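Reading through the structure tokens given below for one structure.
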Amino acid sequence: MKRSTVGLLFALPALLVIGVFFFVPVLIALCLSVTDFDIYALADLSNLRWVGLRNYTELLSTPLFWRALGNTLYFTLLGVPLSIATSVGAALLVNARAARFKGVFRTALFAPVVTTVVAVAIIWRYLLHTRYGLVNYGLGRLGISPIDWLGDPHWAMPAIVLFSVWKNFGYNMVIVLAALQQVPEDLYEAASLDGASAVQQFRHVTLPALAPTLLFVSILTMAGYFQLFAEPYVMTQGGPAQSTLSVLYLLYEEGFKWWNLGRASAVAFVLFLMMFAVTLVQLRLGREAVS
Amino acid sequence: MGQLLRLGLVLLLAVLGGCGRDSGRSELRFWAMGRESEVLAELIPEFERLHPGVVVKIEQLPWTAAHEKLLTAVAGDSTPDLCQLGNTWIPELAALKALAPLDARIAASAVVRPDDYFPGIWATNVIGGATYGIPWYVDTRLLFYRKDLLAQAGFASVPGTWAGWERALAAITARGAGRRFGVLLPLNEYEPLLAFALQQRTGLLKDDLTRGNFDSPEFERTLGFYAGMFAHGYAPPVTNSQIANVWTEFGRGYFAFYISGPWNIGEFRRRLPPALAGQWETAPLPGPDGPGASIAGGASLAVFRRSRHAALAWQLVEYLSRPEVQVRFHALTGDLPGRRAAWAAAGIAGDSHTAAFRDQLERVRPTPPVPEWEQIVTEMRILAEHVVRGEMSVHDGALELNRRADRMLAKRRSLVAEGVRL
Amino acid sequence: MSGRGHAWLVNGTLVLLALATVFPLLWMLSASLMAPGESASYPPPLVPAHPTLDNFRLLVSRAGLGWHFLNSVVISASATLLALTFNVSAGYAFAKLEFAGRARLQRLLVSGLVIPAQVAMLPLFLQLKALGLVNTLPGVLVPSLAGIFSIFLVRQAALAIPDELLDAARIDGASEVTIFRRIVLPLLTPMLVTLAVFTFLGAWNDFLWPLIVLNDNERYTLPVALAALSREHVQDSELMMAGSVVTVIPVLALFLALQRYYLQGLMAGAVKG
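Sequences listed follow chains A, B and C, in order.
The first sequence maps to residues 10 to 300 in the numbering used here.
The second sequence maps to residues 470 to 891 in the numbering used here.
The third sequence maps to residues 51 to 323 in the numbering used here.
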């Protein structure tokens, strides 16, 4: 058998699967998004109509969509910097020369990453309980009156951000840690010979060396945070007053709760375009900053 | 590695094979929700004894996820044989052609006799002339309240009008000094607001059920009345999950009134401390100007069109509809049976807690029979929450709800205009 | 600051941070052993007064969590094996075997990386419906069969294999399949373990897709069963914590056992990006 045929045969199973179960459905989704596929069409396909871009224009005039978009952006803009800052802080600590038992600390800090979102979200739902939760108990000991974390529309999203930072910071910490270990030691030695303080060393040596990693990490984290779903599904069911309804939650509700597949597909593509645009902007800004 | 792969393939084949196994017995898949699904375990063995070779598999769905699970099952052709169905969902599933019409079976049945059922409730099962469900238990919402707290506030009985009830709530809340509320209206439940809305003379939809009627002055008055409960401080703006335990809090006197259904008679009896046994009562809902209507609710038993054991599933429906089984079911759950024969046999209306339900059931109204209803009523709850939280005025909330309802009904409007039979 | 003080500060902060991080998991363990209603009191208790395994017994006997556990194991293990089968050969082909359209296919796959999986989800459901796979275990597995990211991870590792090694075997008359099995797979083993751990954890923790595609309670995976239970039993916090323990402990154990491979894979992915 010719080598080129063999190569194709090796790659074919995976390519077929990806083609049939990923690229084809993406194309179907595009087609669905210009129809009014809904519960009536599900019952009888003759009730299916071509509607052009109406799903998109209607979506843009739906307050709920803007609310979901706003919530998602709020979650991302608050969550991504906090997550990355925590990751960098933790990585610096673990990487510090004075730190002992580095492996143990790294494992402990990483543990939440591998846990199941649903399970740990349930834990946090109880930790954040207004009256019996340990978080409010701890705050109470500090003299702070109880916060209605998951019941107050102003606090529910910050609570989910807090949860997400806890759940995710370990992931980026490990990546940043790897990058930190790549920074040549003599750069620090030169800097301290020049009399640079620890803060100055961080600003002028560590940060520039980390820049490409931070760019990569922020794009990845942002893409992940845009897909917020399981956390509000378990912790708040999108409430209170829809303050934790995310774009993906909206997609789930439109699609799998009400079976408006046409409108849900439009939501899916808007989510996709949004993520794409944000990634491009970040890359552009990032390249400028790095160079 | 190769061995590992082979092992994996064997495992996988075993799993795939396991999905298609057939052991020769007839298995009935029965989806049920909440407390009822737990109680079924005690009623089913007798049915299985009467039908050797039949195994009934009961599956519990949480009420909050039941609706989406049902629709997903319909969409994915993976429906069970029969199901407990909230009767407001019947129009939706009928529109999806998911349910088997039961008229021929009812006509031939010696057990199910339509004239033994409450007519208002039976009507919710009939869509376009075909019957899709048999009422299992009937349900409506009314007031549960603490007699002692009401008496302390100076009221001998529950006032029958909105205005009178508001005065009672004001008195109770004022005496509670911030630690007590007049009424608990959980923001994640639409039923209280819906019940008040159904009390008005005008329908909730208009124009052959193709447009919302939420911009009517009557609905706006209802929404204002509901939001006023929170604005005046009679009701705490909380969801159910924030009340760790409704029964405990009712027992502690955190609130004096609670709008709920018949299943809670049993729960209250079981969960409240014995000292409170004589201190709580039920009463029909007050109305805008006199005793008010409430929701024609309840759950029906329905057989799915795709069931391969439809005849057997119907036999289970018949079994659960027998008056004596309905009496047992009532004893186990406190749910109110759909059949009058069971009411009479168990002397249900003789109990003071259920007597109020008997009274209320005389004044129940069905919700509009359109498949979009569940979605519309969900929007109603959401907008009501915004109004309660002060993010919207009552007027704007009503108008916005109407706009959203009109948009959800757009497809229905166009299909009706084209003359499609729905 | 003196060296000693600095060391204390660094290690002290680390201890506090680590404690705060693992605290929710420890509390989960502790609460899962409490009697019903014990945790919902004030001040909240940290340890059970009388540790009991009743919650676990109740979960297995009443909620059938044993079955959900088994489902999760079978689904995650099958997903891992299938993903390895599909991705490793493809990744190797993209790295070391020439075939027509390779470069173009590779570009297509890269473009696929930017499309979030949720876009494909709705039509995928309709496809599976047509195939009669809704509410079946194979239906759950479909999206994890082959992954673009995994293919590139394997390709990355396979690129490091020297061509001379493969050519020498070819000259000796070895078939391409033999070369793949005897030379390539052994060399890729660390990457395979990494990929296996990633896929297993991903499948175990996956929520949205199983939630959509599975309808029967007895076919639920642990996360889906847990989410359903948590809506039904909001008030039974101890019971829910026991459910979380059953869900979380296996993946934590797997991670602890194979930590090295997992973290390596994570870094390999990062470097590639």
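Beta carbons are placed, not taken as given, at the ideal position from N, Cα and C, and that holds for glycine.
Because the structure is a prediction, the values reported are computed rather than measured.
(request) Look at the alpha carbon of B:A704 and the alpha carbon of C:N267, and state the distance between them as a whole number of angstroms. (result) As a working mapping, residue 704 of chain B is identified with position 235 in the second sequence. As a working mapping, residue 267 of chain C is identified with position 217 in the third sequence. Going by the C-alpha atoms only, they are around 37 Å apart.
(request) Using only alpha-carbon positions, find the residue among B:G761, B:A813 and B:H864 that is nearest to B:G629. (result) Translated into the one-based positions of the second sequence, residue 629 of chain B becomes position 160. Relative to B:G629, the option among B:G761, B:A813 and B:H864 whose CA is nearest is B:G761.
(request) Would you give the residue range spanned by the beta strand (DSSP E) that B:F650 belongs to? (result) On the second sequence, position 181 is the one that residue 650 of chain B refers to. B:F650: member of the beta strand (DSSP E) spanning F650 to L653, first to last residue.
(request) Provide the residue(s) that pair with B:R498 in DSSP beta bridges, ordered along the chain. (result) Here residue 498 of chain B is taken as the residue at index 29 of the second sequence, counted from 1. As DSSP reads the structure, B:R498 sits in a beta bridge with B:K526.
(request) Check whether the Cβ atoms of B:L653 and B:Y727 lie closer than 8 Å to each other. (result) In the second sequence, the residue the question calls residue 653 of chain B occupies position 184. In the second sequence, the residue the question calls residue 727 of chain B occupies position 258. Result yes, Cβ atoms of B:L653 and B:Y727 sit closer than 8 Å.
(request) Could you tell me whether the Cβ of C:E282 comes closer than 8 Å to any Cβ of chain B? (result) Counting from one through the third sequence, the residue named residue 282 of chain C turns up at place 232. At a cut-off of 8 Å between beta carbons, C:E282 contacts chain B.
(message) On a Cα-Cα basis, can you pick out the residue from B:E843, B:P838 and B:H855 that is closest to B:G672?
(response) The residue you call residue 672 of chain B lines up with position 203 of the second sequence. Closest in C-alpha terms to B:G672, from the list B:E843, B:P838 and B:H855, comes B:P838.
(request) Could you check which residue in B:S790, B:E854, B:R648 and B:W558 has the C-alpha nearest to that of B:G866? (result) One-based indexing of the second sequence puts residue 866 of chain B at position 397. The shortest C-alpha separation from B:G866 is found at B:E854.
(request) Measure from the alpha carbon of A:K176 to the alpha carbon of each residue in A:L186, A:V126 and A:V214, then state which is nearest. (result) Start at 1 with the first residue of the first sequence, and residue 176 of chain A comes out as number 167. Comparing alpha-carbon positions, the option among A:L186, A:V126 and A:V214 lying closest to A:K176 turns out to be A:V126.
(message) So, at 7 Å on beta carbons, what are the nonlocal neighbours of B:G583 in its own chain, with the 5 sequence-adjacent residues on each side left out?
(response) The residue you call residue 583 of chain B lines up with position 114 of the second sequence. The question names Gly, but residue 583 of chain B is Pro in the sequence shown. Result list for B:P583: I575 and W591, in chain order.
(request) State yes or no: is the beta carbon of C:Q285 nearer than 8 Å to at least one beta carbon in chain D? (result) The chain inventory of the structure shown lacks chain D, comprising the protein chains A, B and C.
(request) Tell me whether C:V190 is buried or exposed, calling it buried when 16 or more other Cβ atoms sit within 10 Å of its Cβ. (result) On the third sequence, residue 190 of chain C is found 140 positions in, with the first residue counted as 1. By the 10 Å Cβ count, C:V190 comes out buried.
(request) List the endpoints of the continuous beta strand (DSSP E) containing B:R615. (result) The sequence position of residue 615 of chain B within the second sequence is 146, counting from 1. From DSSP, the beta strand (DSSP E) with B:R615 extends over L611 to R615.
(message) Can you look up B:S492 in the DSSP assignment and give me helix, strand or coil?
(response) Residue mapping note: residue 492 of chain B aligns to position 23 of the second sequence, counting from 1. The pLDDT assigned to B:S492 is 49, lower than 50, so where the model puts this residue is not dependable, and the model offers no usable value.
(message) What would DSSP say about A:W59, mapped onto helix, strand or coil?
(response) Within the first sequence, the letter at position 50 stands for residue 59 of chain A. A:W59 falls in the strand class under three-state DSSP.
(message) the ligand ZN and A:V226: does the residue's C-beta get closer than 7 Å to at least one heavy atom of that ligand?
(response) With respect to small molecules bound, the structure shown includes none, and the ligand ZN cannot be examined in it.
(message) Does the structure place the region 763-774 of chain B close enough to the region 538-555 of chain B that three or more beta carbon pairs sit under 8 Å?
(response) Short answer: they touch.
(request) Could you spell out where the beta strand (DSSP E) holding A:G160 opens and where it closes? (result) Here the question's residue 160 of chain A lines up with position 151 in the first sequence. Careful: A:G160 lies outside any beta strand (DSSP E) and carries neither H nor E.
(message) For a test of the three-state rule: what should DSSP assign to C:R269, helix, strand or coil?
(response) Start at 1 with the first residue of the third sequence, and residue 269 of chain C comes out as number 219. Note: C:R269 maps to helix in three-state DSSP.
(message) Using a Cβ-Cβ distance cut-off of 8 Å, determine whether A:T124 contacts chain C.
(response) The residue labelled residue 124 of chain A in the question sits at position 115 within the first sequence. Chain C places a beta carbon closer than 8 Å to that of A:T124, counting this residue as a contact.
(message) In whole angstroms, give me the CA-to-CA distance for A:A218 and C:Q177.
(response) Against the first sequence, residue 218 of chain A aligns to sequence position 209. Against the third sequence, residue 177 of chain C aligns to sequence position 127. When rounded, the distance between both Cα atoms is 48 Å.
(request) Could you name the residues of chain A that B:Q748 contacts, counting a contact when the two beta carbons are closer than 9 Å? (result) Counted from its first residue, the second sequence places residue 748 of chain B at position 279. For B:Q748, there are no neighbours in chain A by C-beta distance under 9 Å, as the nearest C-beta there is about 24 Å away.
(request) Pull out every residue of the region 517-532 of chain B whose Cβ sits closer than 9 Å to any Cβ of chain C, in chain order. (result) Taking a C-beta cut-off of 9 Å against chain C, the contacting residues of the region 517-532 of chain B are K526, E528, Q529, L530, P531 and W532, listed in chain order.
(message) Since C:N185 and B:S547 should fall inside the 8 Å C-beta cutoff, what is the C-beta to C-beta distance between them, to a whole number of angstroms?
(response) Taking the third sequence and counting its residues from 1, the one referred to as residue 185 of chain C is at position 135. Taking the second sequence and counting its residues from 1, the one referred to as residue 547 of chain B is at position 78. Their Cβ separation, rounded to whole angstroms, is 4 Å, which keeps C:N185 and B:S547 in contact under 8 Å.
(request) Check distances from the C-beta atoms of the region 160-179 of chain C to those of chain B and list, in chain order, the residues that come in under 9 Å. (result) Taking a C-beta cut-off of 9 Å against chain B, the contacting residues of the region 160-179 of chain C are F175, L176, L178 and K179, listed in chain order.
(message) Against B:P560, what residues of chain A qualify as contacts under a CB-to-CB distance less than 9 Å, listed in chain order?
(response) Position 91 of the second sequence holds residue 560 of chain B. Those within 9 Å of B:P560 in chain A number zero; the least Cβ separation is about 11 Å.
(request) Please list the partners that C:V227 has in chain B, where partner means a Cβ-to-Cβ separation under 7 Å. (result) For the purposes of this step, residue 227 of chain C is taken as residue 177 along the third sequence, with counting starting at 1. Chain B residues near C:V227: none, gap ~11 Å exceeds 7 Å.
(message) Distance check for A:F285 and C:V164, CA to CA, integer angstroms please.
(response) Residue 164 of chain C sits at position 114 when you count from the first residue of the third sequence. Residue 285 of chain A sits at position 276 when you count from the first residue of the first sequence. Inter-residue distance for C:V164 and A:F285 is about 7 Å (C-alpha atoms, whole angstroms).
(message) Going by DSSP in three states, B:K545 sits in which element: helix, strand or coil?
(response) Your numbering for residue 545 of chain B matches position 76 in the second sequence. Here residue 545 of chain B is Gly; the residue named in the question, Lys, does not match the sequence. B:G545 falls in the coil class under three-state DSSP.
(message) Suppose contacts are defined by Cβ-Cβ distances below 8 Å. Is C:E226 in contact with A:R12 by that definition?
(response) Translated into positions along the third sequence, residue 226 of chain C becomes position 176. Translated into positions along the first sequence, residue 12 of chain A becomes position 3. Here C:E226 is near A:R12, since their CB atoms are less than 8 Å apart.
(message) Given this structure, state the Cα-to-Cα distance separating B:W438 from B:I603, to the nearest angstrom.
(response) The requested residue 438 of chain B does not occur in the structure, where chain B is confined to residues 470 to 891.
(request) From the DSSP output, in three-state form, read off C:P188 for me. (result) Within the third sequence, residue 188 of chain C is the residue found at index 138, counting from 1. If DSSP states are grouped into helix, strand and coil, C:P188 belongs with the helices.
(message) For the beta strand (DSSP E) containing B:T708, name the first residue and the last one.
(response) Taking the first residue of the second sequence as 1, we reach residue 708 of chain B at position 239. DSSP places B:T708 outside any beta strand (DSSP E), giving it a letter other than H or E.
(message) For a test of the three-state rule: what should DSSP assign to B:L770, helix, strand or coil?
(response) Residue mapping note: residue 770 of chain B aligns to position 301 of the second sequence, counting from 1. When secondary structure is reduced to three states using DSSP, B:L770 falls in the strand class.
(request) Could you run through the region 117-151 of chain C and flag, in chain order, every residue whose CB is less than 7 Å away from some CB of chain A? (result) Under the 7 Å Cβ criterion, the region 117-151 of chain C contributes F136, N137, S139, A140, Y142, A143, F144, L147, E148, F149 and A150.
(message) Which runs of the alpha helix (DSSP H) at least 4 residues long sit entirely within the region 78-160 of chain A? Give them in chain order.
(response) You should have 111-123, 126-136 and 143-150.
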